[in-house]
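Enquirer: Structure incoming, see below.
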Amino acid sequence: MVPFRRIALLGIGLINGSLALALRERNGVEEIVACARRAETRERALELGLCDRALTDPAQAVEGADLVVLGVPPGAMGPVAQAMAPGLDPGAVITDVGSVKTQIVHDVMPHLPVPGLFVPGHPVAGTERSGPDAAFATLFVNRRVILTPIEDTDPEATARVRALWETTGASVDLMTPEHHDRILAITSHLPHLIAYTIVGTVADLETQTRSEVFKYAAGGFTDFTRIAASDPTMWRDVFLTNREAVLEMLGRFTEDLVRLQRAIRWGDGDTLFELFSRTRAIRRAVIEAGQAFERTPVPGPTAAERSPDGED
Ligand code: NAP
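If you use my numbering, the sequence shown corresponds to residues 665 to 976, in order.
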């Protein structure tokens with residue numbers, strides 16, 4: 665059973681839309697009300713059955729809701745929280761799905777009549793697609809959701825939000841917002857920054873040299889293009905709102921990159937081999953932790969045959 669009856673989803677794209685579909689498959693949700701600025705977003709959300717009603721005014725959307733989920737880009741969380749505040753029921757639990765936590769807590773809390781009912785959260789699941797059409801019901805199955813309650817957060821509210829996510833098939837971990845931001849800076853934010861950089865560099869090269877780099881793009885590059893196709897608004901906001909943690913991890917990364925640059929320059933194969941062996945073990949550990957899967961071989965030529973240099 666879903667532990668809430670009337671749910672307001674502020675923002676109805678990939679994440680809140682997937683939450684709606686997952687909850688729709690469970691018993692007990694009486695009504696889901698969505699809120700979005702654009703008519704096309706609201707119309708698609710209704711057509712796809714993500715909500716029962718779709719409104720533009722956050723304060724109207726949250727009226728009568730016992731749960732509000734903020735699912736807009738990180739930089740819009742504060743303004744949307746401010747706009748919804750006049751319509752909130754005093755007993756409503758508020759949560760969010762933003763990819764950054766410390767700044768969102770800072771931006772949202774001042775607008776809430778009962779700060780103890782805010783349970784900040786982040787489902788560590790997603791794709792490079794966005795908008796209502798990107799939503800699917802199984803997005804959170806076997807994925808992790810991180811909740812970052814703060815000192816004032818009511819444990820009962822945290823328990824209900826935990827139960828909500830567990831009904832979607834996710835498992836829930838608790839940690840502080842600061843700890844969340846440091847971990848996600850290295851596991852998610854920095855990899856996105858690297859993908860954006862590499863794809864940008866290749867695109868510049870293609871333009872400048874009118875070469876055929878796209879035509880001969882190997883697996884490594886095409887994987888980066890998928891990540892670098894992620895929503896520009898969201899990722900701009902992630903880097904601006906998790907600035908300190910990202911800069912710290914970027915500093916470490918840059919040092920490690922220079923070490924590899926030096927090893928290549930000096931023909932130091934041992935350093936390269938030792939690192940590449942260690943990282944291979946990390947891939948196995950990630951698979952064992954259930955966060956990635958072995959690629960199933962596809963019929964036809966093997967990866968080695970397709971790519972004699974082994975770039976795949
Ligand atoms: P999305 O698919 O682009 O949906 C965003 C929703 O917010 C849309 O309904 C959009 O509708 C609305 N919106 C956009 N800008 C707004 C603004 N300035 N003010 C009010 N509403 C606005 O985004 P998403 O991928 O679901 O991401 C939502 C949140 O989940 C973000 O905070 C993100 O950090 C987090 N998250 C994303 C992923 C991922 O992989 N994408 C994973 C985990 C967490 P209108 O434009 O019509 O208003």
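Cβ atoms here follow ideal geometry from the backbone N, Cα and C, with glycine treated the same way.
1) Report yes or no: do three or more beta-carbon pairs, one from the stretch 854–865 and one from the stretch 814–829, lie closer than 8 Å?
2) If we ignore side chains and look at the alpha-carbon of each, how far apart do Gly677 and Gly762 end up?
3) Which one of Leu921, Gly755 and Glu870 has the shortest CA to CA distance from Phe668?
4) Return helix, strand or coil for Glu969, following the three-state DSSP convention.
5) With contact counted as at least three CB pairs below 8 Å, one residue from each stretch, are the stretch 706–719 and the stretch 767–775 in contact?
6) What span of residues does the alpha helix (DSSP H) with Val732 cover, start to end?
7) What residue range is occupied by the uninterrupted alpha helix (DSSP H) comprising Thr840?
8) Please determine, among His843, Gly675, Ala698 and Val922, the residue with the shortest C-alpha to C-alpha distance to Pro743.
9) Answer yes or no: do Ala799 and Glu689 have a C-beta to C-beta separation smaller than 9 Å?
10) Going by Cα to Cα distance, which pick from Pro774, Arg874, Arg900 and Gly790 is closest to Ala745?
11) For Asp653, which beta-bridge partners are listed by DSSP?
12) Starting from Glu695, follow the beta strand (DSSP E) in both directions and report where the run begins and ends.
13) Helix, strand or coil: which one does DSSP assign to Pro667?
14) Tell me which residues share the same chain as Val877 and place their Cβ nearer than 7 Å to its Cβ, disregarding the 5 neighbours each side in the sequence.
15) How is the beta strand (DSSP E) around Gly751 delimited, first residue to last?
16) Could you give the distance in angstroms between the alpha-carbon of Met741 and the alpha-carbon of Ser835?
17) Within 10 angstroms of its Cβ, does Leu911 collect 16 or more other Cβ (buried), or is it exposed?
18) Does DSSP put Leu921 in a helix, in a strand, or in coil?
19) Quick check on Asn680: buried or exposed, where buried means 16 or more other Cβ atoms within 10 Å of its Cβ?
20) Could you check the C-alpha separation between Leu803 and Leu683 for me, to the nearest Å?
21) Under DSSP, the alpha helix (DSSP H) around Val1018 begins and ends at which residues?
22) Given a threshold of 16 other Cβ atoms within 10 Å of its Cβ, counted over all protein chains shown, does Val708 qualify as buried or as exposed?
23) Compute the minimum distance between the beta carbon of Thr791 and the heavy atoms of the ligand NAP, and state whether it is under 8 Å.
24) Using 9 Å as the limit for Cβ to Cβ distance, is Ala849 near chain C?
25) Please report the straight-line C-alpha distance between Asn806 and Glu695, rounded to a whole angstrom.
26) What are the start and end residues of the alpha helix (DSSP H) that includes Ala949?
Expert: Here's the rundown:
1) no
2) As a position in the sequence shown, residue 677 is number 13, starting the count at 1. As a position in the sequence shown, residue 762 is number 98, starting the count at 1. If you take the alpha carbons of Gly677 and Gly762, they lie about 12 Å apart.
3) In the sequence shown, counting from the first residue as 1, residue 668 sits at position 4. Of the candidates Leu921, Gly755 and Glu870, the one whose C-alpha sits nearest the C-alpha of Phe668 is Gly755.
4) Mapped onto the sequence shown, residue 969 falls at position 305. Reliability fails at Glu969, whose pLDDT of 36 lies under 50, so the model's placement of it is uncertain and the value that follows must be treated cautiously. If DSSP states are grouped into helix, strand and coil, Glu969 belongs with the helices.
5) Too few Cβ pairs lie closer than 8 Å, so no.
6) Working through the sequence shown from its first residue, we reach residue 732 at position 68. Element bounds for Val732: not the alpha helix (DSSP H) but the beta strand (DSSP E), Leu731 to Leu734.
7) Position 176 of the sequence shown holds residue 840. From DSSP, Thr840 is part of no alpha helix (DSSP H); its letter is neither H nor E.
8) For the purposes of this step, residue 743 is taken as residue 79 along the sequence shown, with counting starting at 1. Of His843, Gly675, Ala698 and Val922, the residue nearest in Cα terms is Gly675.
9) Locating residue 799 in the sequence shown gives position 135, counting from the first residue. Locating residue 689 in the sequence shown gives position 25, counting from the first residue. It is not a contact, given that the beta carbons lie outside the stated cut-off.
10) Within the sequence shown, residue 745 is the residue found at index 81, counting from 1. Residue Pro774 is the option with its Cα nearest to Ala745.
11) No answer is possible for residue 653: the residues shown for the chain start at 665 and end at 976.
12) Taking the first residue of the sequence shown as 1, we reach residue 695 at position 31. Element bounds for Glu695: Glu695 to Cys699.
13) By one-based count along the sequence shown, residue 667 stands at place 3. If DSSP states are grouped into helix, strand and coil, Pro667 belongs with coil.
14) In the sequence shown, counting from the first residue as 1, residue 877 sits at position 213. If we look at Val877 and ignore the five residues flanking it on each side, its Cβ neighbours are Val866, Leu869 and Glu870.
15) Position 87 of the sequence shown, counted from the first residue, corresponds to residue 751. That residue, Gly751, is in no beta strand (DSSP E); it is neither H nor E in DSSP.
16) Looking up residue 741 in the sequence shown gives position 77. Looking up residue 835 in the sequence shown gives position 171. Rounded to whole angstroms, Met741 to Ser835 spans 24 Å at the Cα level.
17) As a first step, residue 911 is located in the sequence shown; it is residue number 247 there, counting from the start. Result: exposed.
18) Mapped onto the sequence shown, residue 921 falls at position 257. Correct three-state label for Leu921: helix.
19) Position 16 of the sequence shown, counted from the first residue, corresponds to residue 680. The residue in question, Asn680, is buried, as its Cβ has 16 or more Cβ neighbours within 10 Å.
20) The residue labelled residue 803 in the question sits at position 139 within the sequence shown. The residue labelled residue 683 in the question sits at position 19 within the sequence shown. Approximately 8 Å, taken between the alpha carbons.
21) With the chain represented from 665 up to 976, any question about residue 1018 goes unanswered, as that position is not in the structure.
22) As a working mapping, residue 708 is identified with position 44 in the sequence shown. For clarity, residue 708 is Arg in the given sequence; the question names Val instead. Per the 10 Å Cβ criterion, buried.
23) As a working mapping, residue 791 is identified with position 127 in the sequence shown. Yes; taking the cut-off as 8 Å, the Cβ of Thr791 has a heavy atom of the ligand NAP nearer than that.
24) Looking at the structure shown, chain C is missing, and only one protein chain is on hand.
25) The residue labelled residue 806 in the question sits at position 142 within the sequence shown. The residue labelled residue 695 in the question sits at position 31 within the sequence shown. Rounded to the nearest angstrom, the two C-alpha atoms are 26 Å apart.
26) The residue you call residue 949 lines up with position 285 of the sequence shown. Note, Ala949: alpha helix (DSSP H), Gly933 to Glu952.
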